[in-house]
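Reviewing the structure listed below.
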Amino acid sequence: MEYSMINSLNSLFSLQGKVALVTGGYGHLGSAITMGLAEAGAEVYVLGRSQQKFKDAFQKEKLPNLYFQHCDIADSASIARAFQEVHTQHQRLDILVNNAFYSAGQNPEQLTDEQWAFGIDGNLNSVYRCIREVIPFMKAQQSGRIINVASMYGVVSPDFNIYEESPASLNPPHYGAAKAGVVQLTKYFACYLAQQGITVNCISPGPFPNPNVQQDEVFIEQLNRKNPMGRIGQPEELKGAFVFFASDASSYITGQNLMVDGGWTAW
Ligand SMILES: NC(=O)c1ccc[n+]([C@@H]2O[C@H](COP(=O)([O-])OP(=O)(O)OC[C@H]3O[C@@H](n4cnc5c(N)ncnc54)[C@H](OP(=O)(O)O)[C@@H]3O)[C@@H](O)[C@H]2O)c1
């Protein structure tokens, strides 16, 4: 991108003509991320395992630039096939958001080896697999934006006091350990790819409990009280950060981890 081509703030943040991939893009946060990129003008492919969940999540939107692409992030061949299929349609892959995750087990003292490995696979190894598979496409076009989704729990420990009355919401140890790995992986690939026109950044959401967890009013009150802003986040409040890292507005920023957490990690 030539600096002289930036002639207005709108074009700086515009994703017109860009092709974006969002893993888990029909989930609680993924839906807002997908909508943000689509509203900024990108052709957005939601990568997931259920076309029905895609339809359910976006049935009201009817945006012409939203598509479903089957992809299982646990399976390298499935990731490679998904990326190739989208590339065949558009001859480019501009933006990859590594948002999907899977995990199992919760008790810090009783995770089995299988649960530990599954959680690390679903939060860290899967991100590496997606980065590895997108690199050839982005290198060939000498441009790209990779945005990883980590978590405030990749940076700070859960405060165990807030789970006393809501043990079901306790955040397990392999989740944060893997997310911390995602923050480091971001820095590694940011530097590795820096001269190929590819930026790699990370966004760490804070407390964005899904509607199910929000049923537990006592727990939500604990989250509100603990947070400097005094409230939980709404998924739409992530849109700006993702469009920023996906767009020319962040052309000289790479290797960063942006906390979107209402101040949670600031004190
Ligand atoms: N919500 C929060 O408060 C919060 C806070 C910090 C960080 N985060 C991070 O934000 C991201 C999104 O979380 P969320 O709260 O939106 O969770 P979510 O609603 O459960 O979304 C997770 C998504 O990942 C997909 N997925 C799971 N396994 C997959 C696989 N093997 N292949 C492809 N897709 C798969 C799920 O699809 P299926 O439904 O088909 O399984 C779902 O769409 C995660 O990385 C999470 O760690 C969330």
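Read in the working numbering, the sequence shown has 1050 at position 167, and its numbers run on one by one without any break. A virtual CB, placed ideally from N, CA and C, is assigned to each residue, including glycine.
What does the alpha-carbon distance come out to for the pair residue i and residue j?
| i | j | result |
| --- | --- | --- |
| residue 1071 | residue 1083 | 9 Å |
| residue 1093 | residue 932 | 20 Å |
| residue 935 | residue 915 | 18 Å |
| residue 974 | residue 1131 | 20 Å |
| residue 996 | residue 894 | 49 Å |
| residue 964 | residue 954 | 8 Å |
| residue 1040 | residue 1150 | 13 Å |
| residue 970 | residue 1053 | 40 Å |
| residue 901 | residue 992 | 46 Å |
| residue 994 | residue 928 | 35 Å |
| residue 925 | residue 1123 | 14 Å |
| residue 1020 | residue 967 | 9 Å |
| residue 1126 | residue 972 | 23 Å |
| residue 1024 | residue 1133 | 18 Å |
| residue 959 | residue 1063 | 22 Å |
| residue 1031 | residue 1065 | 7 Å |
| residue 899 | residue 1060 | 36 Å |
| residue 942 | residue 909 | 11 Å |
| residue 1004 | residue 957 | 8 Å |
| residue 1018 | residue 1128 | 17 Å |
| residue 961 | residue 989 | 28 Å |
| residue 1109 | residue 1008 | 31 Å |
| residue 1120 | residue 913 | 12 Å |
| residue 1081 | residue 1038 | 25 Å |
Is residue i near ligand 1, going by C-beta to nearest heavy atom under 7 Å?
| i | result |
| --- | --- |
| residue 918 | no |
| residue 1142 | no |
| residue 913 | yes |
| residue 936 | yes |
| residue 1084 | no |
| residue 1034 | yes |
| residue 1130 | no |
| residue 975 | no |
| residue 984 | yes |
| residue 1046 | no |
| residue 1003 | no |
| residue 1051 | no |
| residue 932 | yes |
| residue 1074 | no |
| residue 1013 | no |
| residue 955 | yes |
| residue 1095 | no |
| residue 1090 | yes |
Please work out which residues of its chain come closer than 7 Å, Cβ to Cβ, to residue i, disregarding the five sequence neighbours upstream and downstream, and give them in chain order.
| i | result |
| --- | --- |
| residue 1022 | 1079 |
Can you have a look at residue i and say buried or exposed, based on whether 16 or more other CB atoms are within 10 angstroms of its CB?
| i | result |
| --- | --- |
| residue 1043 | exposed |
| residue 1068 | buried |
| residue 876 | As shown, the chain starts at 884 and ends at 1150. That puts residue 876 outside it, with no answer to give. |
| residue 940 | buried |
| residue 1028 | buried |
| residue 1117 | exposed |
| residue 1113 | exposed |
| residue 892 | exposed |
Enumerate in chain order the residues of its own chain whose CB-to-CB distance from residue i is below 8 Å, with the five nearest sequence positions on each side excluded.
| i | result |
| --- | --- |
| residue 1035 | 1087, 1088, 1089, 1090, 1142, 1144, 1147, 1148 |
| residue 1058 | 986, 1002, 1006, 1034, 1036 |
Go through its chain and collect everything with a Cβ distance to residue i's Cβ below 6 Å, but skip five positions before and after it.
| i | result |
| --- | --- |
| residue 930 | 904, 906, 952, 954, 965 |
| residue 1099 | 1049 |
| residue 1056 | 991 |
| residue 1073 | 1083, 1137, 1138 |
| residue 1102 | 1049, 1052 |
| residue 1106 | 1090, 1115 |
| residue 911 | 1093 |
| residue 999 | 1057 |
| residue 1104 | none |
- Task: Spell out a yes or no on whether the segment 1062 to 1080 and the segment 1137 to 1144 are touching, meaning 3 or more CB-CB pairs, one atom from each, closer than 8 Å.
- Result: yes
- Message: When you compare the segment 1040 to 1053 with the segment 1011 to 1019, are there three or more beta-carbon pairs, one atom per stretch, that lie closer than 8 Å?
- Response: no
- Three or more C-beta pairs closer than 8 Å, one from the segment 902 to 921 and one from the segment 941 to 957: is that the case here? yes
- Are the segment 897 to 907 and the segment 976 to 986 in contact at 8 Å, needing three or more beta carbon pairs? yes
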